[in-house]
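Protein chains in written order, with this note's numbering: chain B, 1 to 190; chain F, 1 to 190.
Number of protein chains: 2
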Amino acid sequence: MARGRLSPERLTRAGAELADEVGFEQVTVSEVARRFDVKVASLYSHLKNSHDLKTRIALLALEELADRAAEALAGRSGKDALTALANVYRDYAREHPGRYAAAQFRLAPEAAAASAGVRHARMTRALLRGYDLTEPDQTHAVRLLGSVFHGYVSLEMGGGFSHSAPDTQETWTRVLDALDALLRNWPRTP
Amino acid sequence: MARGRLSPERLTRAGAELADEVGFEQVTVSEVARRFDVKVASLYSHLKNSHDLKTRIALLALEELADRAAEALAGRSGKDALTALANVYRDYAREHPGRYAAAQFRLAPEAAAASAGVRHARMTRALLRGYDLTEPDQTHAVRLLGSVFHGYVSLEMGGGFSHSAPDTQETWTRVLDALDALLRNWPRTP
DNA sequence: TGCATTCACCTAAAGCTTTTAGGCAAATGC
DNA sequence: GCATTTGCCTAAAAGCTTTAGGTGAATGCA
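Here it is in structure tokens:
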């Protein structure tokens with residue numbers, strides 16, 4: 001009997017892999033136990049409950065995303081940085097659909113505050129230094145960019161942009177062009 | 001024994017109400033049966049299975065949203081129409097969070113094609129007649145608007161925009177200003 | 001009126017998942 | 001070499017999903 005193989009971290013990683021394979025919604029404590037060839041009840045020494053497992057997977061995904069974003073932004077600015085950050089989200093969602101879905105998991109306020117979510121906001125704000133925005137407009141722009149990245153990726157993954165022409169890569173490029181133009185020419189407050 | 005109270009439509013409506021109360025993820029065939037004071041198995045004459053129930057709720061939500069959008073767009077154009085449509089999504093999500101989540105439910109391709117989803121795309125395209133965009137750019141813009149509306153509402157509902165200043169209403173207004181400016185001044189293809 | 005059928009819901013049952021409680025044996029500490 | 005802790009196990013309760021097969025009321029028809 002191999003002992004000591006179980007830990008919150010390993011269970012979380014296994015859960016994340018499972019999510020990518022079968023979808024975040026289908027992640028189940030039972031299935032994770034099965035993958036470790038261990039009885040379900042054994043996992044409850046390492047996890048509070050099913051919700052806890054999902055929260056941990058969500059936090060893992062947010063960390064991974066933030067790490068990728070930080071690396072992508074290093075040494076870039078302006079539109080180059082904008083494109084790099086946008087592609088981090090899109091690529092991550094394609095490579096890890098289950099984890100990406102997990103990143104959208106509704107976290108409790110305290111968990112959210114302690115999560116890598118704040119790193120994301122900080123990085124997006126840093127990106128905006130390449131543009132000339134006043135303070136309140138920076139916040140608006142951070143929220144707009146977050147909305148577009150998240151919204152676009154969700155809709156594309158969910159098949160929202162059917163399989164009609166033009167292809168989504170073309171749109172993605174043009175949307176980033178448009179966002180860059182918008183940020184360079186942000187409308188003054190009326 | 002009141003007979004004939006059960007039907008796919010009534011079960012779907014009850015499911016939608018349940019979703020708004022406890023969240024779309026928590027919608028369960030058992031709970032719906034409980035609300036009709038009927039045994040669970042009885043619902044299976046009206047619904048194929050649990051997934052079927054969720055799909056029906058999703059389709060209902062898409063219809064309701066499309067109806068609201070159609071009404072909001074009637075007689076409006078330009079920025080007025082843009083704002084009206086955007087507010088339809090945001091308001092619907094606030095009034096019916098469970099239904100709104102349902103509207104994001106991943107539909108099978110045929111179900112999606114037959115859903116009100118296509119009405120949404122058509123209406124957004126109609127909205128763009130108030131702006132001067134070439135054909136391919138119209139499609140890009142439709143997708144951008146869909147992304148922003150969906151992304152913003154999701155993040156706001158999910159608490160993504162913490163409770164920091166400035167408030168989200170202010171951002172919402174400024175984001176719509178920015179989108180209007182962008183559409184009036186869409187960047188030419190390089 | 002009387003019989004057959006259909007309809008709407010029910011009982012039973014099997015198979016999952018979640019979660020708690022208590023137990024045993026291997027690893028570790030002294 | 002013994003005590004404790006650690007790590008996983010068995011047992012069991014409870015809830016959700018789904019299928020199979022029934023029953024009784026309503027309906028259709030001779």
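A virtual CB, placed ideally from N, CA and C, is assigned to each residue, including glycine.
Keeping to the same chain, check which residues put their C-beta closer than 7 Å to that of residue i; ignore five residues upstream and five downstream.
| i | result |
| --- | --- |
| D180/B | K79 and L82 |
| A69/B | L85, V88, H120 and M123 |
| V40/F | V29, S30 and A33 |
| T189/B | none |
Assuming residue i contacts residue j under a Cβ cut-off of 8 Å, what Cβ separation, rounded to an integer in Å, is found between them?
| i | j | result |
| --- | --- | --- |
| L53/B | V29/B | 6 Å |
| Y152/F | S147/B | 4 Å |
| D177/B | P187/F | 5 Å |
| F24/F | G98/F | 5 Å |
| W172/F | R94/F | Not really, about 12 Å apart at Cβ, beyond 8 Å. |
| P8/B | R56/B | 6 Å |
| A113/F | G159/B | At roughly 10 Å, the Cβ-Cβ gap does not stay under 8 Å, so A113/F and G159/B are not in contact. |
| L107/B | H46/B | With 8 Å as the limit, L107/B and H46/B do not qualify as a contact, their Cβ atoms being about 20 Å apart. |
According to the neighbour-count rule (16 or more other Cβ atoms, all chains shown, within 10 Å of its Cβ), is residue i buried or exposed?
| i | result |
| --- | --- |
| D167/B | exposed |
| V22/B | exposed |
| V27/F | buried |
| S115/B | buried |
| G75/B | exposed |
| Q169/B | exposed |
| H51/F | exposed |
| G4/B | exposed |
| V175/B | buried |
| D20/B | buried |
In chain order, what residues of the same chain have a beta carbon less than 8 Å from the beta carbon of residue i, not counting five sequence neighbours either side?
| i | result |
| --- | --- |
| V32/B | L11, A14, G15, L18, L43 and L53 |
| M1/B | With a pLDDT of only 48 at M1/B, under the threshold of 50, the placement of this residue in the model should not be trusted; the figure read from the coordinates follows. The answer is none, since no qualifying residue turns up. |
| Y131/B | G78, A141, L183, R184 and W186 |
| G103/B | First, the residue type needs correcting, since residue 103/B is Ala and not Gly in the sequence shown. Closer than 8 Å at Cβ, skipping near neighbours: A58, A61, L62 and L65. |
| M157/B | A93, R94, P97 and Y100 |
| L73/B | A81, A84, L85, M123, A126 and L127 |
| F105/F | F24, K54, T55, I57 and A58 |
| L133/B | A141, L183 and W186 |
Could you check what DSSP says for residue i in three-state terms: helix, strand or coil?
| i | result |
| --- | --- |
| T168/F | helix |
| P187/F | coil |
| N87/B | helix |
| K54/F | helix |
| G15/B | helix |
| T173/B | helix |
| Y152/B | helix |
| T139/F | helix |
| T124/F | helix |
| L73/B | helix |
| K79/F | helix |
| Y100/F | helix |
| Y92/F | helix |
| L179/F | helix |
| G158/B | coil |
| V27/F | coil |
| D132/F | coil |
| D20/F | helix |
| L107/F | coil |
| A114/B | helix |
| L47/F | coil |
| S7/F | coil |
| D37/B | coil |
Can you name, in chain order, every residue of its own chain whose Cβ lies under 6 Å from the Cβ of residue i, other than the five neighbours on each side?
| i | result |
| --- | --- |
| L128/F | Q138 and A141 |
| A101/F | F24 |
| R35/B | A14 |
| F149/B | A86 and Y89 |
May I ask whether a heavy atom of the ligand ZN can be found less than 6 Å away from the beta carbon of residue i?
| i | result |
| --- | --- |
| E31/B | As presented, the structure is devoid of all ligands, the ligand ZN included, so that no description of it is given. |
### Query
What are the residues of the region 23-53 of chain B that lie near chain F, defined by any Cβ-Cβ distance shorter than 7 Å?
Closer than 7 Å at the C-beta level to chain F, one finds no residue of the region 23-53 of chain B.
### Under 9 Å (Cβ pairs) to chain B, residues found in the region 68-97 of chain F
Closer than 9 Å at the C-beta level to chain B, one finds no residue of the region 68-97 of chain F.
### Query
When you check each C-beta in the region 168-179 of chain B against every C-beta of chain F, which residues fall closer than 7 Å?
Listed by position along the chain: T171, R174, V175, D177 and A178.
### Message
Using a Cβ-Cβ cutoff of 8 Å, what residues of the region 150-163 of chain F are near chain B? List them in chain order.
### Response
Residues of the region 150-163 of chain F with a C-beta less than 8 Å from any C-beta of chain B: H150, G151, Y152, S154, L155, G158, G159, G160, F161 and S162, listed in chain order.
### Query
Closer than 9 Å, Cβ to any Cβ of chain F: which residues of the region 106-134 of chain B, in chain order?
So the list reads R106, L107, P109, A112, A113, G117, V118 and A121, given in the order they occur along the chain.
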